[in-house]
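Numbering (our numbering), first residue to last: 0 to 272.
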């Protein structure tokens, strides 16, 4: 994978991810695996759900933290080249991971193999580039600023964050791959949201763009454009649509005698299908 996403990602996505995870019925005694960058808060949320008797493993590329949060086992792991940590797991959460890999279909099957029969996989990612859309009514800025925001973000999550192997449309077809693998109870939800200047997500996004400033220049962005982007991220009068986030959950069939299924709790749904 390329450049890791910034700290704005959990600010924008954790609520959607945890809502989808809650719909699996994850609870005390379950074993969970967290895959992907910027997933620390989700791992802590899982740890709070599986106590007592549960286990949460957070697999991170690079050296693991020496003092992980209570209830979480952090391991150094590269899902692009290594099979998932030893399971089986009742719930696996993989966000901003699989569509970015050259071997995405093989990796998906390895992740499914790490699930306990009756267990759940929740996978999520941005779906395609930011589309050309009118500015939200609350924005005091015109199309030129909205177009600039979209152009920078599309490169941040496309040409900067990818190694050339990624496919930002793949998450929109993952149900087909899961169905072909024999999975059950597939549920997909797509989320749109508006981001506003001065809010914490935009401040964190500005910090991330500053960090990769030179790479964006090499992609053809001008200094004046990036300065304007920095200003917009602090301007309460600016608002724009963000990337569509697509999240899918799927259950592995109970095929082993005596296997412990993960039973979902009743819920009203976590988004539009």
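Here a beta-carbon is modelled for each residue, glycine too, at the ideal position from N, C-alpha and C.
Bear in mind that the values here come from a model prediction, so they are computed numbers and not experimental data.
In three-state DSSP terms, what is residue i?
| i | result |
| --- | --- |
| residue 217 | helix |
| residue 204 | helix |
| residue 99 | helix |
| residue 260 | For residue 260, the predicted structure reports a pLDDT of 49, less than 50, and the residue's modelled location is therefore unreliable. A value from the coordinates is still provided. Reduced to three states, the DSSP call for residue 260 is coil. |
| residue 233 | coil |
| residue 43 | helix |
| residue 91 | strand |
With a CB to CB cut of under 8 Å and the five nearest residues on each side skipped, what residues in its chain are close to residue i?
| i | result |
| --- | --- |
| residue 69 | 46 |
| residue 84 | 32, 56, 58, 74, 76, 113 |
Comparing the CB of residue i with every heavy atom of the ligand HEM, is any distance shorter than 6 Å?
| i | result |
| --- | --- |
| residue 118 | Ligands are entirely absent from the displayed structure, and the ligand HEM is therefore not among its contents. |
Might you give, ordered along the chain, the residues of its own chain that have their beta carbon closer than 6 Å to the beta carbon of residue i, omitting 5 neighbours on each side?
| i | result |
| --- | --- |
| residue 197 | 233, 235 |
| residue 128 | 153 |
| residue 100 | 79, 106 |
| residue 166 | 98 |
Hey, residue i and residue j: beta-carbon distance below 7 Å or not?
| i | j | result |
| --- | --- | --- |
| residue 140 | residue 241 | no |
| residue 91 | residue 20 | no |
| residue 34 | residue 96 | yes |
| residue 126 | residue 171 | yes |
| residue 244 | residue 151 | no |
Please return the same chain residues whose Cβ sits closer than 7 Å to the Cβ of residue i, not counting the five positions on each side in sequence.
| i | result |
| --- | --- |
| residue 169 | 98, 103 |
| residue 173 | 122, 247 |
| residue 51 | 27 |
| residue 17 | 41, 44 |
Use the C-beta contact count for residue i: other C-beta atoms within 10 angstroms, 16 or more gives buried, fewer gives exposed.
| i | result |
| --- | --- |
| residue 27 | exposed |
| residue 181 | exposed |
| residue 11 | buried |
message: Quick test of the definition: if touching needs 3 or more C-beta pairs under 8 Å, does the region 210–226 touch the region 235–253?
response: The region 210–226 is not in contact with the region 235–253.
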